[in-house]
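Trainee: Can you read through this structure? Questions will come right after.
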Amino acid sequence: MAEAILRFEDKEVELPVVEGSETERGLDISRLAAETGLFTIDRGFGNTAESQSSVSFIDGEKGILRYRGYPIEQLAEGASFLEVAYLLLNGVLPSQPLLTEFEDAITRHTLLREDMKKLFEAFPHNAHPMQILASATSALATYYPDALDPADPEAVEVSVRRLLAKVPTMIAWLYKYKVHQPYVYPRNDLDYAANFLHMVFSVPAEPYHHDPVVAAALNVLLILHSDHGQNCSATAVRLVGSGDANIFSSVSAGIHALSGPLHGGANQEVLEMLEEMAEEGGDVSKFVARAKDKENPFRLMGFGHRIYKNFDPRAKIIKQAAADVLAKLHIDDPLLEIAQELEQVALSDDYFIERKLYPNVDFYSGIIYRALGFPTDTFTVLFALGRLPGWLAQWKELHADPKMKIYRPQQVYVGETKRDYVPISQR
Ligand code: CMC
Numbered sequence: 001m002a003e004a005i006l007r008f009e010d011k012e013v014e015l016p017v018v019e020g021s022e023t024e025r026g027l028d029i030s031r032l033a034a035e036t037g038l039f040t041i042d043r044g045f046g047n048t049a050e051s052q053s054s055v056s057f058i059d060g061e062k063g064i065l066r067y068r069g070y071p072i073e074q075l076a077e078g079a080s081f082l083e084v085a086y087l088l089l090n091g092v093l094p095s096q097p098l099l100t101e102f103e104d105a106i107t108r109h110t111l112l113r114e115d116m117k118k119l120f121e122a123f124p125h126n127a128h129p130m131q132i133l134a135s136a137t138s139a140l141a142t143y144y145p146d147a148l149d150p151a152d153p154e155a156v157e158v159s160v161r162r163l164l165a166k167v168p169t170m171i172a173w174l175y176k177y178k179v180h181q182p183y184v185y186p187r188n189d190l191d192y193a194a195n196f197l198h199m200v201f202s203v204p205a206e207p208y209h210h211d212p213v214v215a216a217a218l219n220v221l222l223i224l225h226s227d228h229g230q231n232c233s234a235t236a237v238r239l240v241g242s243g244d245a246n247i248f249s250s251v252s253a254g255i256h257a258l259s260g261p262l263h264g265g266a267n268q269e270v271l272e273m274l275e276e277m278a279e280e281g282g283d284v285s286k287f288v289a290r291a292k293d294k295e296n297p298f299r300l301m302g303f304g305h306r307i308y309k310n311f312d313p314r315a316k317i318i319k320q321a322a323a324d325v326l327a328k329l330h331i332d333d334p335l336l337e338i339a340q341e342l343e344q345v346a347l348s349d350d351y352f353i354e355r356k357l358y359p360n361v362d363f364y365s366g367i368i369y370r371a372l373g374f375p376t377d378t379f380t381v382l383f384a385l386g387r388l389p390g391w392l393a394q395w396k397e398l399h400a401d402p403k404m405k406i407y408r409p410q411q412v413y414v415g416e417t418k419r420d421y422v423p424i425s426q427r
């Protein structure tokens, strides 16, 4: 086994190199503190892996993303979202009988307890969907107290299926509440994407027939968001899970983490930015100039990524899908043209070239969601729905690891040194 040697003052420690199944190599520093009294500082964890993972592989230089070894391009082309969820959760593609059993089990869990309606109704109508979804996901744990033990595989399995089944219903219902429409119950004869569209868009006054183009586009988007290594929200799920919190609390933490505009919340921000550009006449160059100005906190939303220093492979597929979906639905959205123009201007600008800033997954996804009929503030809950199998797979992987430890980073204390308390009368 390869090793690196670290010398500090009169101490020397050999640090083993851990090799991944692809190209990655990591230095195992777990003995560092015990043997040298030193620990490492790594802002934003750019150099640090907490764990070994086999859920998804990313090569940021080459722009590659694979789930359990399968290229996302192939999965987006041929698989259903639940097939991908099964793959992420179990590590293998299901046979037809196994997939049918998995789909049936999820279909049978799609109803919510009726009392949950009161939960949605406790929020203001203009509450952001991510806040409601995180709260409702956390609340789910209170309805199933018998299946919360992280060490009980059967309880975990039923909770995983409940989450996959109920999150679409929760998103649809929080949406219905927000738009003052009656809740629509799930239909077990429809597949996952079609049932979700039915719960979101149908109204009791007339029959609703989902458009297969829309369902297919949603299926692809959900697949492309399904997992992405140790991203901010997956790390939040693992962190909360590492304290043995139940899976609902852990996923709720992931939803909160995803809501931030630097993470999943960027898909909403991108669309709002494109709308602003359209309102200002479609001239993208002044937004590019603002993004380059170090005095200005503005960033081009949907651009840049910690890992990708090349095209985000998801963005490539979504860009093409956006053009295809708009054409199939006969929608002429000026925002698509503005996005294409912005991409072109940014990619030929030295600032973006030098920093290797490319469009990421959030850049074109909102244009499709908008074409499918989703309001802008629901975009990030759609990301959450897609990411759910990844969070669940990451949580399961954490708990299956015999070396699992509670996440508890070190700190370099830079506060006051010891000083004595002074009674208030003497201050
Ligand atoms: N617009 C302008 N400049 C940027 C941008 C951007 N979108 N992204 C990065 N930079 C600059 C940044 O100012 C820095 O410049 P300098 O070296 O001169 O200080 C350099 O590029 C490196 O950026 P960083 O902030 O150190 O990179 P990071 O890896 O810490 O951050 C990021 C990654 C995604 C948070 C960041 O690129 C960003 O804020 N992008 C916009 C928000 C966004 O689209 N988020 C979605 C990410 S993909 C999906 C997901 O994770 O959910």
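At position 326 of the sequence shown (counting the first as 1) the number is 326 in our numbering, and the numbers step up by one without a gap.
Glycine included, C-beta positions come from ideal geometry on N, C-alpha and C.
(1) If I follow the unbroken beta strand (DSSP E) through residue 123, where does it start and stop?
(2) Leaving out five residues before and five after residue 255 in sequence, what residues of the same chain have Cβ atoms less than 7 Å from its Cβ?
(3) Thinking residue 198 and residue 210 are a contact (beta carbons under 8 Å), I'd like their distance in whole angstroms, please.
(4) So residue 229 packs on residue 58, CB below 8 Å; how close in whole Å?
(5) Checking the sheet assignment: what are the DSSP bridge partners for residue 7?
(6) Kindly list the residues whose CB is nearer than 6 Å to the CB of residue 1, restricted to its own chain and excluding five residues on each side of it in sequence; keep chain order.
(7) Can you confirm whether the segment 107-114 touches the segment 170-186 when touching is taken to mean that 3 or more C-beta pairs between the two stretches lie within less than 8 Å?
(8) Could you tell me which of 330, 328, 347 and 359 sits nearest to residue 314, measuring between CA atoms?
(9) Work out the CA separation of residue 326 and residue 352 for me, nearest whole Å.
(10) Check whether the segment 371-390 and the segment 4-22 touch, using three or more Cβ-Cβ pairs below 8 Å as the test.
(11) Starting from residue 254, trace the beta strand (DSSP E) both ways and give me its first and last residue.
(12) Alpha carbons only, please: which of 231, 208 and 194 is nearest the one belonging to residue 56?
(13) Does the Cβ-Cβ distance between residue 174 and residue 120 come in under 7 Å?
(14) Residues with a Cβ closer than 6 Å to any heavy atom of the ligand CMC, in chain order?
(15) Which of helix, strand or coil does DSSP assign to residue 206?
(16) Does the beta-carbon of residue 268 have 16 or more other beta-carbons within 10 angstroms, so that it is buried, or is it exposed?
(17) Where are the beta strand (DSSP E) runs, 3 residues long or more, that stay fully inside the segment 40-91, in chain order?
(18) Can you tell which of 81, 206, 6 and 29 has its C-alpha closest to the C-alpha of residue 227?
(19) For residue 406, which of 420, 293 and 50 has the nearest alpha-carbon?
(20) Determine, using beta carbons only, whether residue 149 and residue 266 come nearer to each other than 7 Å.
Mentor: The short version:
(1) In the sequence shown, residue 123 corresponds to position 123, counting from 1. Per DSSP, residue 123 belongs to no beta strand (DSSP E) and is neither H nor E.
(2) Within the sequence shown, numbered from 1, the residue matching residue 255 stands at position 255. Here residue 255 has 130, 133, 134, 137 and 384 as same chain residues with Cβ atoms under 7 Å from its own Cβ, once five neighbours each way along the sequence are excluded.
(3) Here residue 198 corresponds to residue number 198 of the sequence shown, with the count starting at 1. Here residue 210 corresponds to residue number 210 of the sequence shown, with the count starting at 1. Going by Cβ atoms, the distance from residue 198 to residue 210 rounds to 6 Å, so yes, they are a contact pair.
(4) Mapped onto the sequence shown, residue 229 falls at position 229. Mapped onto the sequence shown, residue 58 falls at position 58. The distance from the Cβ of residue 229 to that of residue 58 is about 5 Å, consistent with a contact at the 8 Å cut-off.
(5) Along the sequence shown, read from residue 1 onward, the residue named residue 7 stands at position 7. Looking at the DSSP output, residue 7 bridges to 12.
(6) For the purposes of this step, residue 1 is taken as the residue at position 1 of the sequence shown. Correct list, in chain order: 16.
(7) Enough Cβ pairs lie closer than 8 Å, so yes.
(8) The residue given as residue 314 occupies position 314 in the sequence shown. When C-alpha distances from residue 314 are compared across 330, 328, 347 and 359, the shortest belongs to 359.
(9) Within the sequence shown, the letter at position 352 stands for residue 352. Within the sequence shown, the letter at position 326 stands for residue 326. The C-alpha of residue 326 is placed about 28 Å away from the C-alpha of residue 352.
(10) No contact exists between the segment 371-390 and the segment 4-22.
(11) The count along the sequence shown starts at 1 and reaches residue 254 at position 254. That residue, residue 254, is in no beta strand (DSSP E); its alpha helix (DSSP H) goes 247-258.
(12) In the sequence shown, counting from the first residue as 1, residue 56 sits at position 56. Distances from the CA of residue 56 to each of 231, 208 and 194 were compared; the closest alpha carbon is that of 231.
(13) Taking the sequence shown and counting its residues from 1, one reaches residue 174 at position 174. Taking the sequence shown and counting its residues from 1, one reaches residue 120 at position 120. In this structure, residue 120 lies closer than 7 Å to residue 174 by Cβ.
(14) Checking every Cβ against the heavy atoms of the ligand CMC under 6 Å gives 44, 231, 262, 263, 264, 266, 291, 299, 300, 301, 302, 303, 304, 305, 306, 355, 357, 360, 361 and 362.
(15) Numbered from its first residue, the sequence shown carries residue 206 at position 206. Strand, per DSSP.
(16) Sequence index remark: in the sequence shown, residue 268 carries index 268 (1-based). With 16 or more other Cβ atoms within 10 Å, it is buried.
(17) Within the segment 40-91, the complete beta strand (DSSP E) segments of 3 residues or longer fall at 56-59 and 64-67, listed in chain order.
(18) The residue labelled residue 227 in the question sits at position 227 within the sequence shown. Shortest Cα-Cα distance from residue 227 to any of 81, 206, 6 and 29 involves 81.
(19) Against the sequence shown, residue 406 aligns to sequence position 406. It is 50.
(20) On the sequence shown, position 149 is the one that residue 149 refers to. On the sequence shown, position 266 is the one that residue 266 refers to. No, Cβ-Cβ distance for residue 149 and residue 266 is not below 7 Å.
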